[in-house]
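Take a look at the structure set out below.
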Amino acid sequence: MDAVEINAGNHYLRTLRADDRLDDRPALVTAFADEAMRRWVYHYNVPDLEAAGRYVALRAQEWADDERCSWAVAEPATGELLGEVGLKNLDLDAGTAEVACWAHPLARGRGTTVEAIGAALRFGFGALDLKEVSYDHAEGNAASARVAEKCGFTLSHKLRNEIEVDGRPETLVVWTLRA
39 MDAVEINAGN HYLRTLRADD RLDDRPALVT AFADEAMRRW VYHYNVPDLE AAGRYVALRA
99 QEWADDERCS WAVAEPATGE LLGEVGLKNL DLDAGTAEVA CWAHPLARGR GTTVEAIGAA
159 LRFGFGALDL KEVSYDHAEG NAASARVAEK CGFTLSHKLR NEIEVDGRPE TLVVWTLRA
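Okay, so the sequence shown: first residue is 39 according to the numbering used here, each after it adds one.
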């Protein structure tokens, strides 16, 4: 599917970019160097501009392949990258997806992620006709738990020792939201 841009109120949701007009790669490198990002978003490694370029290209390909809708959360006046939200593991036939999100260290604690997820959910339930969206995170990630609650998700279940964080087994907390 073609990427869609969304006015999310105080923020603008757009595709990640690395072109002559807007380059998110430096902000991606900075964000992924953050200790909290390395801890909770451990499945991506973005140490330099080249890796950031691959990350941007991956997100574009996932849109094209109907696997993931991913948006850069941007400051509307400057285009500054504040984070990323998305609907991953899209199953358009079943009407399901999973929320993915992270906030740039300089943008945390301002409600940006909650607002952006709300916009992504409206798109998913409205334009994609999703029936259910889940939101999973490590039990120790208190910020993600707060985001899930503020976005209206309901705690579904917990899977003990399902993931590994900092080299130790961690419980995976699963939240759900139905259309």
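Note that CB positions come from ideal geometry on N, CA and C, so glycine has one too.
| Asked | Found |
| --- | --- |
| Supposed close pair Phe163, Ala217 - CB separation, criterion 8 Å | 5 Å |
| Exposure label - Ala145; buried when at least 16 CB within 10 Å | buried |
| Terminal residues of the beta strand (DSSP E) in which Gly121 lies | Leu119 to Asp129 |
| Contacts around Arg76, its chain only, beta-carbon distance under 8 Å, and the 5 residues preceding and following it disregarded | Phe70 |
| Counterpart residues of Leu193 in DSSP-defined beta bridges | Trp213 |
| Euclidean distance between Cα positions of Val94 and Arg63 | 8 Å |
| Beta-carbon gap between Arg106 and Leu87 smaller than 8 Å | no |
| Local Cβ density within 10 Å of Thr53, reported as buried at 16 or more and exposed below that | buried |
| Neighbour-count burial assignment, Asp58, 16 or more Cβ in a 10 Å radius | exposed |
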